[in-house]
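Protein sequence lines, in the order shown, are assigned to chains A and B. Counting the first sequence from 1 gives a position; our numbering is that position plus 2. Counting the second sequence from 1 gives a position; our numbering is that position plus 2. No residue lacks a Cβ here, since even glycine has one placed at the ideal position from N, Cα and C. This one's a predicted model, so the numbers in the text were calculated from it and none came from an experiment. One structure below.
Protein chains: 2
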Amino acid sequence: MRQHRGAIMAENKNPIQVAGRLFGALEYLADHGQTGLTELAANIHLNKSTTHRVVASLEYMGYVRQNPENGKYEPTFKLAGLANRIMERMDIIQTIRPHLQKLMEMCGETVHLVKREGAEVVYIDKVESYGNNVRMVSYVGKRMPFYRSAVGKALAANMSEEEVRGLWNCSVIERTTPYTITNYEDFLEALDDVRHKGYALDNEENEQGVRCIAVALDVSGDNKTYACSISVPVSRMDNDRIKKFSGYLNEVRVEINTEMSRG
Amino acid sequence: MRQHRGAIMAENKNPIQVAGRLFGALEYLADHGQTGLTELAANIHLNKSTTHRVVASLEYMGYVRQNPENGKYEPTFKLAGLANRIMERMDIIQTIRPHLQKLMEMCGETVHLVKREGAEVVYIDKVESYGNNVRMVSYVGKRMPFYRSAVGKALAANMSEEEVRGLWNCSVIERTTPYTITNYEDFLEALDDVRHKGYALDNEENEQGVRCIAVALDVSGDNKTYACSISVPVSRMDNDRIKKFSGYLNEVRVEINTEMSRG
DNA sequence: AATCTTATTTCGCATTATGAAACGTTCAAG
DNA sequence: CTTGAACGTTTCATAATGCGAAATAAGATT
Chain A
3 MRQHRGAIMA
13 ENKNPIQVAG
23 RLFGALEYLA
33 DHGQTGLTEL
43 AANIHLNKST
53 THRVVASLEY
63 MGYVRQNPEN
73 GKYEPTFKLA
83 GLANRIMERM
93 DIIQTIRPHL
103 QKLMEMCGET
113 VHLVKREGAE
123 VVYIDKVESY
133 GNNVRMVSYV
143 GKRMPFYRSA
153 VGKALAANMS
163 EEEVRGLWNC
173 SVIERTTPYT
183 ITNYEDFLEA
193 LDDVRHKGYA
203 LDNEENEQGV
213 RCIAVALDVS
223 GDNKTYACSI
233 SVPVSRMDND
243 RIKKFSGYLN
253 EVRVEINTEM
263 SRG
Chain B
3 MRQHRGAIMA
13 ENKNPIQVAG
23 RLFGALEYLA
33 DHGQTGLTEL
43 AANIHLNKST
53 THRVVASLEY
63 MGYVRQNPEN
73 GKYEPTFKLA
83 GLANRIMERM
93 DIIQTIRPHL
103 QKLMEMCGET
113 VHLVKREGAE
123 VVYIDKVESY
133 GNNVRMVSYV
143 GKRMPFYRSA
153 VGKALAANMS
163 EEEVRGLWNC
173 SVIERTTPYT
183 ITNYEDFLEA
193 LDDVRHKGYA
203 LDNEENEQGV
213 RCIAVALDVS
223 GDNKTYACSI
233 SVPVSRMDND
243 RIKKFSGYLN
253 EVRVEINTEM
263 SRG
């Protein structure tokens, strides 16, 4: 387990150069949709002919297709198939999904399941509300720093102070709204509040206009990894609803807990 | 140096060799989950050290991680993020999603949105029912041949006979259940039935135990590309429900149509 | 302690990817 | 009907890159 990295560990570069280029192109296309070759080449900083080869390879494998109308390149659904096959194998998601669905039903708002990875949290599942025109944009796989999310606080509330400090220290603290917590003392205080109330709150600390409420889940004895949350536009999130939703969240938390502990 | 490659064989190979290896590894991991290096190497037919480099590169980019517990490699959520960013950009999905959600509500069963690509249909969105323990397994990105799916029939019913024949001819007809239609005449007859009834049915023709009912959608004048469907285990799908669901489907179809035509 | 298994690193070699430049379209302006 | 600008595609000499047999390291099992 004790793996010694080379003392000088000079280079820390991708062992396969083209790999970075392939995925760079794919990511660009995923974020920008249809793109012409020249534009793509300029944006991923590659020679046009290299870009062409990269994109031709992706097309050969079916991850990209060239729109016959305008010659531009666009991502296909093949990648979605790959991603969803990964998701299918994750038991956690399969087990918790029905509970999320129920939670969404109860509150009529979009709910998320997240996992902590290092000092970040990742959305690993979501159930969208319907009928609401104003909705928070999010997608499975989206990451955000733990220190300015309700889910992050919910998880941190179960950690020792050392752990919390460790995570805080390796985070880049960045103010994204006027309400972002940027001070360690304030953060610790917020955690106390979480422990006291039994749920965590994010009052537009991450994204202006979005309030979030979350609880940590206890998955096989680990309550520092998974959490679920309800995300709501401020306009629809008064204190009454916060109260109600926190109750729903805890109901669901208990249900999940009992289901998970009966092997 | 000298290119003494066979002059006979028309070159139809991946322009970037490693690309195939990278995605091959990723696909294997997506389908099989945690895999040791040796096992992975054996299955994707690569030298162990090549596999190691490939997997190290994927790890470097964050698409794969090595489980510290057992040293095995597993896919991460990064790919899901990539895939979902692609999905977010697809207006079709965003527009139709609420209607699917409503449809699911009405019938309490899992509903799908599909797109035809050549002689196949691809799931491009789904809304899962909840509370049902018996459910069909499916995932966004999954493909199936058009000729043995309800959605395929719904789309084919709007095509000229030439088009239908063209698609049929370039399909590999394969019987997957005792009810699969393998005869072209029978298929044409089924299409007549679709046109007559106003909806398409798949009576365990693709997957034993699953019935499917579908209608084509009219998206900007094209009614040969998108369709939506309800998939239900036979045990829960009697003629009464079929009747009822076909009504729901047509309601939703009309609603989508009017929304889409008020561009 | 010995043996097996599995992950990791090494390193000389040639296959493979590279990119400047040339090529062929398309399309709109002159 | 030109001209030329903009774009995707192809070519090809070059060397950098990825290759993989074999050696090594680190656990696990006996």
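Residue i - DSSP class collapsed to helix/strand/coil
i, result
"B:Thr311", "This structure cannot settle anything about residue 311 of chain B, because the visible part of chain B is limited to 3 through 265."
"A:Asp205", "Checking the sequence shown, residue 205 of chain A turns out to be Asn, not Asp. Strand, per DSSP."
"B:Ile258", "helix"
"A:Glu111", "coil"
"A:Glu176", "coil"
"B:Arg145", "strand"
"A:Ala159", "coil"
"A:Tyr132", "coil"
"A:Ile126", "strand"
"B:Ala9", "The predicted model places B:Ala9 with a pLDDT of 33, which falls under 50 and marks its position as unreliable; any figure quoted below should be read in that light. If DSSP states are grouped into helix, strand and coil, B:Ala9 belongs with coil."
"B:Ile18", "coil"
"A:Tyr181", "coil"
"B:Thr52", "helix"
"B:Ile46", "coil"
"B:Arg137", "coil"
"A:Asp195", "helix"
"A:Gly223", "coil"
"A:Asp240", "coil"
"A:Asn252", "helix"
"A:Ser151", "coil"
"B:Arg99", "helix"
"A:Gly200", "coil"
"A:Arg4", "Low confidence applies to A:Arg4: its pLDDT is 28, below 50, so where it sits in the model is not reliable, and the reading given next is rough at best. Three-state DSSP puts A:Arg4 in coil, outside helix and strand."
"B:Met92", "coil"
"A:Gly265", "Note that A:Gly265 has pLDDT 49, beneath the 50 cutoff, so the model's placement of it is unreliable and the number below is only indicative. A:Gly265 falls in the coil class under three-state DSSP."
Beta-carbon gap between residue i and residue j smaller than 8 Å
i, j, result
"A:Ile232", "A:Cys109", "yes"
"A:Gly154", "A:Tyr125", "no"
"A:Thr182", "A:Glu163", "no"
"B:Lys50", "B:Leu60", "no"
"B:Ile98", "B:Ala152", "no"
"A:Val196", "A:Arg255", "no"
"A:Thr178", "A:Met138", "no"
"A:Ala27", "A:Leu42", "yes"
"A:Ala156", "A:Ala229", "yes"
"A:Leu102", "A:Val123", "no"
"A:Thr78", "A:Arg87", "no"
"A:Tyr62", "B:Pro17", "yes"
"B:Val221", "B:Met262", "yes"
"B:Met89", "A:Ala82", "yes"
"A:Gly35", "A:Glu76", "yes"
"B:Leu2", "A:Leu24", "For residue 2 of chain B there is no data in the structure shown, the boundaries of chain B being 3 and 265."
"A:Ser131", "A:Met106", "yes"
"B:Asn45", "B:Tyr30", "yes"
"A:Val136", "A:Pro235", "yes"
"B:Val56", "A:Val20", "no"
Residues bridged to residue i (per DSSP)
i, result
"A:Tyr75", "A:Thr37 and A:Gln68"
"A:Tyr228", "A:Lys117"
"A:Ala218", "A:Ala229"
"B:Arg213", "B:Asn205 and B:Val234"
Residue i versus the options, residue with shortest Cα-Cα distance
i, options, result
"A:His114", "A:Val196, A:Ile95, A:Glu122 and A:Ile46", "A:Ile95"
"B:Lys199", "B:His34, B:Lys246, B:Lys15 and B:Ile18", "B:Lys246"
"B:Leu169", "B:Arg91, B:Arg118, B:Leu28 and B:Ser248", "B:Arg118"
"A:Ser248", "A:Leu203, A:Thr178 and A:Leu219", "A:Leu203"
"A:Lys74", "A:Ala58, A:Ala82 and A:Lys128", "A:Ala58"
"B:Asn259", "B:Asp242, B:Val234, B:Asn225 and B:Phe189", "B:Asn225"
"B:Pro147", "B:Asp127, B:Glu176 and B:Asn134", "B:Glu176"
"A:Glu165", "A:Ala121, A:His54 and A:Glu257", "A:Ala121"
"B:Asn252", "B:Val56, B:Asn205, B:Leu219 and B:Met239", "B:Leu219"
"A:Thr37", "A:Ala21, A:His54 and A:Gly22", "A:His54"
"A:Phe189", "A:Gly223, A:Arg150, A:Asp127 and A:Asp240", "A:Arg150"
"A:Ala85", "A:Asp127, A:Asn69 and A:Pro100", "A:Asp127"
"A:Arg213", "A:Tyr201, A:Arg238 and A:Lys104", "A:Arg238"
heavy atom of the ligand ZN below 7 Å from residue i C-beta
i, result
"B:Lys246", "Among the components modelled here there is no ligand, and therefore nothing to report on the ligand ZN."
Contact residues within the segment 102-115 of chain A, judged by C-beta distance below 7 Å to chain B: Gln103 and Lys104
Proximal residues, the segment 47-73 of chain B versus chain A, C-beta separation under 8 Å: Per Cβ criterion, the list reads Arg55, Val56, Ala58, Ser59, Leu60, Tyr62, Met63, Tyr65 and Pro70.
Residues, ordered as in the chain, of the segment 147-168 of chain A that lie near chain B by beta-carbon distance below 7 Å: none
Where the segment 188-221 of chain B meets chain A: residues whose CB sits under 9 Å from a CB there: For the segment 188-221 of chain B, there are no residues whose beta carbon sits under 9 Å from a beta carbon of chain A.
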